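See structure below.
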Amino acid sequence: MTPRALIFDCDGTLADTMPLHWQAWRVIADRHGIHFTEDRFYRL
46 MTPRALIFDC
56 DGTLADTMPL
66 HWQAWRVIAD
76 RHGIHFTEDR
86 FYRL
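In my numbering, the protein residues as written are 46 to 89.
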């Protein structure tokens, strides 16, 4: 079966996944002892 369409979601168009991205960044930063605030994340 050949795809006839492709849906690309620029974050926030269909689903707001930024909170999930923030959660992942926080986990990794914490693991490495890096202080990374939510405010700083959203300013990037």
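No residue lacks a Cβ here, since even glycine has one placed at the ideal position from N, Cα and C. From a predicted model like this one, the values you see are computed outputs, not experimental measurements.
Span of the alpha helix (DSSP H), counted from its first residue to its last, around residue i
i, result
"Met46", "Careful: Met46 lies outside any alpha helix (DSSP H) and carries neither H nor E."
"Leu65", "Met63 to Arg76"
"Phe86", "Glu83 to Arg88"
Residue i versus residue j - alpha carbon distance
i, j, result
"Arg85", "Thr47", "43 angstroms"
"Val72", "Gly57", "22 angstroms"
"Leu51", "Asp75", "36 angstroms"
"Phe53", "His66", "17 angstroms"
"Arg88", "Trp70", "13 angstroms"
"Pro64", "Phe81", "14 angstroms"
Cβ-heavy atom distance, residue i to the ligand MG, below 7 angstroms
i, result
"Thr62", "Annotation note on the ligand MG: not contained in the displayed structure, which lists no ligands."
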